[in-house]
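A.B. asks:
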Amino acid sequence: MPPTDMSRRDLLAGAAGLTAGGLLMAGSDADAQPQRPAELKIGITTFLSGPASVFGVPGRQAAEMMVDEFNQRGGIGGVRVRALFVDEAPGTEHLVGEFRRLVQSEGVHVMFASISSGSCLACTPLSRDLQKTTVLWDCATQRIFEEGPQPFAFRTQGFATPEVLAPLLYLLKTKPEFRTMAVINQDYAWGRDSWEMWRTGMEALKPGVRIVAELFPRLGAPDFTTEITRLLAARPDVIFSGHWGGDLVTLARQAAERRLFERSTFVLPVAEASLPILGRTFPAGHVIGTRGDHWNNHPRPKDPARLRALNEAYRARFNEPVIYPVHHMVQAFNALKAAYEKAIAAKGGGWPNDMELAAAFRGLTFDSPTATITLREDGQGLEDQIVGVSTHAEGTPYAIPKDMVIFPAAMVSTPVGMKSVDWLKTLKPDILAQVPAAISG
Amino acid sequence: MRRGETLLGLLGAAALVAAALLAPWLKFILTVALAKGIAVIGILLLLRAGQVSFGHALYVAMGAYTVAFLAPAMPDAAVLLPAGAAIATLTGLLIGLFVSRYREIFFGMLNLALSMVVYSLLEKLYDLTKGTDGIRVELPRFFGMALDRPGFEWAMFATALVLALGAGAFARLYLDSPMGQALSAIKTRETRLEFMGISARRVLLAAYVISALLGGVAGAIIGMTTRHVTPLLAYWTASGELVFIAILGGAGSVLGPFLGAVTFELVRIYAGAAVADAWQMILGGVLLAVILFAPGGLWGMIAGLLRRRAGAAS
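These protein sequence lines are chains A and B, in that order.
Going by our numbering, the first sequence opens with residue 7, and the numbers climb by one from there.
Going by our numbering, the second sequence opens with residue 77, and the numbers climb by one from there.
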């Protein structure tokens, strides 16, 4: 089969597709002038099974809630919204097939891609190939925009570098006297990347800290006895851990049992989502983060009524507290609405095509319940980071942060065009002077 | 029967081309399905000897990672595909030299263990393999031609189809040859084979190396089609998938693997589209139904129908 004569074949395919009854659609043309569709379809990839479904399922629930909320208010640009979900768990090769199906067969107008960094790395080039605007709604890998331009991909939340640097700055500001430290991270990309960033940043800002243990238990490990024994013996002042989900719950329970929390200060950038499950097992006095600025006890939310409404509506509908993936999904939906409104306004009321939608996303500013987020020229969102120290408050059955510092996104994000590790090497200790004061209480 | 098989094979190929023409997104799914079918042909050869390998995803991953590592230096499918196959074959020869001493559960478990060792290495040698995030494969050339994405996808689909037909025809001939007959003899009574002066180990080794080669070819096609290679390709569930496809399609014919692979991919896609939450249950249900009601797999069902019609005609 000669791979030439493409136009005729495409034409044939298109004609045959039409006769087949619209079920089998040919690829869409990004420049075509579209009619206002009957419904706005969003393809959402998220974990519906496997260990990361602790984030994926709340993400889907948030999406369902947002779809209902938008449709009650007349949809986006007068068009009803519909979400189509795809499970990310079977792996890359299945996911990229599903991505194509959603774009080329279902004819989705926009994709919301992925929790896992690997999935995002596989989907982003596909967004460019298929010329379909793709919102990276939750993944954190810094590689996405640092390995080349992505014309159709936009990330509506922060990324790994600020999520590691903010806790580091918080620690250096609040407990600067530590001399030894250890790491216990899951043995996969985020575990390796986050440690490399932490170490690089620490060597630049506070050289001479002795690293007494580097432990990388496997993803989904059920037992941390050996690691905890080593940490107890090594007596580090600080333990960094990027653990999340069920793994963090297991680690924290076993560490609490053996009083590791009393001997060392933990720094846990992804603690928030696991705290409700851990209850009072998770002790006070440790540095905790939430992959952004969306703690439910945010000290200065931009729109307190909206944050409260989100918390109450989500709890009422799903009987769970809001955790960060819910916020990330809400941000993606808000960004989508803002982008469509911007594109429709720019077109004088016409419905935007894929190119015009992508153009509207670039440099977009939208409101989340807690703040205003701007997408940079490379597509990366600037989301503030809030880090605090855990405490047990009256009325909340689990640990929440106090003495929170709101890190402005621009301060802790890698500048456009630089690689994160290279940038972290250039940090000077005077950055600590720029850290805003902690909001006590 | 044999002519019917060839005819059905060609008809099936024509149906796949028609489907790929009608729905561009299906072309991708079908390319991957054909590649998996090629790998399952290798499983089929081993099944003929009564041996089940729970680790053949290892060779698929070998092929795919060869593509991922070589692509920046030699971005041409004409180089990458044979290279992937060659590396997988070499690995298969090395591993085959000792696993061919073992039978049944020991054979299956050793293969599983080795594939998991490779999986762990791919995951842990982070600086080399980028760990679980995987390696991106940029669009390679095709025999020196720089194609655009749709063109390259057609080229890969055509390559997969031609290689699938080739692999099917080869397996058909091989199973009919003395080497293939000797494989069946390993299953029925290995001692008799040894008494005839034929080394059962060598017979199994030959089949094993061929299956590794087919796995490598499949991996190289998958790597160049999905264009993102992750260690999950070598994980035990991926090996299980290959065995699942072999059972689903049926071991009675070389068409079985392709029937199984296409059905598997389509069921998974449509189950995922219908109920994103419970696609695993639907897939499991299909396998249970096949095991309970059609022990010969999908091919067994088709062959039964053909026989009945032939019986009615005569």
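Backbone N, C-alpha and C define an ideal beta-carbon position, used for all residues, glycine too.
It should be emphasised that the depicted structure is a prediction, and the values quoted were computed from it without experimental measurement.
#1: Got a sec: is the Cβ-Cβ distance from A/H249 to anything in chain B below 9 Å?
#2: Return no unless some Cβ of chain A is closer than 9 Å to the Cβ of B/T208.
#3: Do A/T51 and A/F105 count as a contact pair if the criterion is CB distance below 9 Å?
#4: Listing by chain order, which chain B residues have their CB less than 8 Å from the CB of A/L2?
#5: Measure the C-alpha to C-alpha separation of B/E81 and B/A379 and round it to an integer number of angstroms.
#6: Take the Cβ of A/V116 as the centre, count every other Cβ of all protein chains shown within 10 Å, and call the residue buried at 16 or more, exposed below.
#7: For B/V108, which residues in chain D fall below 7 Å Cβ to Cβ?
#8: So is the beta-carbon of B/F271 under 8 Å away from any non-hydrogen atom of the ligand MN?
#9: Run down chain A in chain order and give the residues with a C-beta less than 7 Å from the C-beta of B/L308.
#10: Can you tell which of B/H304, B/T235 and B/A347 has its C-alpha closest to the C-alpha of B/V396?
#11: By the three-class DSSP mapping on this structure, what secondary structure does A/L433 have?
#12: Chain B partners of A/R198, CB-CB under 7 Å?
#13: Secondary structure at B/G326, three-state DSSP: helix, strand or coil?
#14: Excluding the 5 residues preceding and the 5 following B/T107 in the sequence, name in chain order all residues of the same chain whose CB lies nearer than 6 Å to its CB.
#15: For my contact list, A/V87 and A/G81 are in at a C-beta cut-off of 8 Å; report their separation, rounded to the angstrom.
#16: State the DSSP-derived secondary structure class of A/T420, mapped to helix, strand or coil.
#17: Contact defined as beta carbons within less than 8 Å: I believe B/L309 pairs with B/A140. What is the distance between those atoms, to the nearest angstrom?
#18: If we call anything under 9 Å between Cβ atoms a contact, is A/Y404 one with A/L281?
#19: Strictly under 9 Å for the Cβ-Cβ distance: is B/A349 near chain A by that measure?
#20: Give a yes or no on whether the minimum CB-CB distance between A/A32 and chain B is below 9 Å.
#21: Relative to the alpha-carbon of B/G113, which residue among B/A350, B/R277, B/L156 and B/A133 has its alpha-carbon at the smallest distance?
#22: Does the Cβ of B/A222 have 16 or more other Cβ atoms within 10 Å, making it buried, or fewer, making it exposed?
#23: Which value, in whole angstroms, describes the spacing of the CA atoms of B/R277 and B/E270?
#24: Taking any Cβ of chain B, which residues in the stretch 77-94 of chain A have a Cβ under 7 Å from it, in chain order?
#25: Pull the bridge partners of A/G394 from the DSSP assignment, please.
#26: Tell me whether A/Q148 is buried or exposed, calling it buried when 16 or more other Cβ atoms sit within 10 Å of its Cβ.
#27: By the 10 Å Cβ neighbour count, where 16 or more other Cβ atoms means buried, how is A/G354 classified, buried or exposed?
#28: Whose CA, out of A/H300, A/H100 and A/R382, lies closest to the CA of A/L124?
#29: Hey, is A/Q110's beta-carbon within less than 9 Å of any beta-carbon in chain B?
#30: Taking a contact to mean a Cβ-Cβ separation below 9 Å, would you say A/L225 touches A/Y176 in this structure?
#31: Closest by CA to B/L86, which one among B/G328, B/G131, B/G242 and B/G299?
#32: Compute the distance between the beta-carbons of A/G62 and A/E94, then report whether it is under 9 Å.
#33: Determine the direct distance from the alpha carbon of A/A68 to that of A/L30, and round the result to whole angstroms.
#34: Let me make sure I understand the geometry here. Which of A/L46, A/A38 and A/L238 has the alpha-carbon closest to that of A/K343?
#35: Quick check for students: name the residue ranges of the alpha helix (DSSP H) that lie wholly in the stretch 133-172 of chain A, counting only runs of 4 or more.
#36: Does any residue of chain A have a CB that is nearer than 9 Å to the CB of B/D353?
C.D. replies: The relevant details are as follows:
#1: no
#2: yes
#3: It is a contact, given that the beta carbons lie within the stated cut-off.
#4: Since the first and last residues shown for chain A are 7 and 447, residue 2 of chain A lies out of range.
#5: 9 Å
#6: buried
#7: Absent here is chain D; the protein component of the structure consists of chains A and B.
#8: Only the bare structure without any ligand can be found here, which leaves the ligand MN out of the picture.
#9: Identification of chain A residues near B/L308 by a Cβ-Cβ cut-off of 7 Å yields G97 and T98, ordered along the chain.
#10: Missing from the structure shown is residue 396 of chain B; chain B here goes from 77 to 390 and no further.
#11: coil
#12: Y202 and G207
#13: coil
#14: M232, F233, A236 and T301
#15: 5 Å
#16: A/T420 falls in the coil class under three-state DSSP.
#17: 5 Å
#18: yes
#19: yes
#20: Per-residue confidence for A/A32 stands at a pLDDT of 40, beneath the threshold of 50, marking its modelled position as unreliable; no derived number is given.
#21: B/A133
#22: Answer is exposed; the Cβ neighbour count stays below 16.
#23: 10 Å
#24: F91, V92 and D93
#25: A/I294
#26: With 16 or more other Cβ atoms inside 10 Å of its own Cβ, A/Q148 counts as buried.
#27: exposed
#28: The amino acid at residue 124 of chain A is misidentified as Leu; the sequence shows Gly. Closest option to A/G124, Cα to Cα, is A/H100.
#29: yes
#30: no
#31: B/G242
#32: yes
#33: Low per-residue confidence applies at A/L30: pLDDT is 39, beneath 50, and the placement is therefore not dependable enough to give any value.
#34: For the residues A/L46, A/A38 and A/L238, the minimum Cα distance to A/K343 belongs to A/L46.
#35: 149-152
#36: yes
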